[in-house]
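The sequence shown maps to residues 21 to 175 in this note's numbering. Think of the CB as a built atom: it goes at the ideal place given N, C-alpha and C, for glycine as much as any other residue. Only a predicted model underlies this, so the values are computations on that prediction, with no experimental measurement involved. Have a look at the structure below, then the notes.
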Amino acid sequence: MSPEQAEGAEITVQTDVYSLGVLLFELFTGQLPFFADSLVRIAMLHVNEMPPRPSELRPGLPVALEQLVLACLAKNPESRPHGVGAVAASLRKFRRDGGLDSARGLDDDPSFKMLRRRARLQSDSVQLPSPDRRSEEKTLDKISAPAANRETVIV
Numbered sequence: 021m022s023p024e025q026a027e028g029a030e031i032t033v034q035t036d037v038y039s040l041g042v043l044l045f046e047l048f049t050g051q052l053p054f055f056a057d058s059l060v061r062i063a064m065l066h067v068n069e070m071p072p073r074p075s076e077l078r079p080g081l082p083v084a085l086e087q088l089v090l091a092c093l094a095k096n097p098e099s100r101p102h103g104v105g106a107v108a109a110s111l112r113k114f115r116r117d118g119g120l121d122s123a124r125g126l127d128d129d130p131s132f133k134m135l136r137r138r139a140r141l142q143s144d145s146v147q148l149p150s151p152d153r154r155s156e157e158k159t160l161d162k163i164s165a166p167a168a169n170r171e172t173v174i175v
């Protein structure tokens, strides 16, 4: 939840950028930026506290990647990148320039493997509905059925 959501302010594209920042933080560090014993406390941390530097949790993380993640997590929406497309462009440029070469050690990290496995399991369980009505009903049944081993993450 972005700081502006927690405060009841207007939801904009910058809110999505913040959410993407939370996702990137978890992807590159293996943990969420904030932990607490209640949803209210987590929301207040998003409003009032800065997340830890990703490189503190994942030494060797490229500085430019850390800066991008922290920019996405800026408390002020105007300080964040201007849309998820801008973040995607930065990530593509980072990859194209070879910046991911220094982050290759992530592939061997257990938390990174767990995140990749979770993403694969979730993508395997979701099917896009086809134009055939019977296929749509079967797909909806699959999506609404409880999934064993599914984890719920509150951001």
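Just to confirm before moving on: does the CB-CB distance between residue i and residue j stay below 9 angstroms?
| i | j | result |
| --- | --- | --- |
| cysteine 92 | leucine 47 | no |
| lysine 95 | valine 67 | yes |
| phenylalanine 54 | glutamate 69 | yes |
| leucine 40 | valine 104 | yes |
| glutamate 27 | threonine 35 | no |
| proline 7 | leucine 59 | As displayed, the chain neither begins before 21 nor continues past 175, which places residue 7 out of reach and without an answer. |
Alpha helix (DSSP H) containing residue i: first to last residue?
| i | result |
| --- | --- |
| alanine 56 | No alpha helix (DSSP H) contains alanine 56, which DSSP labels as neither H nor E. |
| proline 74 | 74–77 |
| glutamate 98 | Taken as a continuous stretch (DSSP letters only), glutamate 98 belongs to no alpha helix (DSSP H), as it is neither H nor E. |
| serine 12 | The structure shown does not extend to residue 12, since the chain is modelled only from 21 to 175, so the question has no answer here. |
| threonine 35 | 33–49 |
| alanine 109 | 104–116 |
| glutamate 86 | 83–92 |
Between which residues of its own chain and residue i is the CB-CB distance below 7 angstroms, once the five residues before and five after are set aside?
| i | result |
| --- | --- |
| glutamate 86 | Arg73, Pro74, Ser75 |
| leucine 81 | Phe48, Pro74, Ser75, Ala123 |
| threonine 32 | Pro97 |
| leucine 65 | Phe54, Ala56 |
Would you please state the rounded distance, in angstroms, between the beta carbons of residue i and residue j? I believe it to be under 8 angstroms.
| i | j | result |
| --- | --- | --- |
| valine 42 | valine 107 | In fact, because the Cβ distance is near 12 angstroms, the residues do not count as touching under 8 angstroms. |
| proline 97 | serine 110 | So it is not a contact: roughly 17 angstroms between Cβ atoms. |
| leucine 77 | threonine 49 | 4 angstroms |
| alanine 56 | methionine 21 | Not confirmed; about 12 angstroms, so no contact. |
What residues in its chain sit with their C-beta under 6 angstroms from that of residue i, if we drop five residues either side in the sequence?
| i | result |
| --- | --- |
| valine 146 | With a pLDDT of 47 at valine 146, under the threshold of 50, the modelled position of this residue cannot be trusted; read the value that follows with caution. So the list is empty, once near-sequence residues are dropped. |
| leucine 52 | Glu46 |
Ordered along the chain, which non-local residues of its own chain (more than five positions away) have a Cβ less than 8 angstroms from that of residue i?
| i | result |
| --- | --- |
| arginine 61 | none |
| serine 99 | Ala91 |
| arginine 116 | none |
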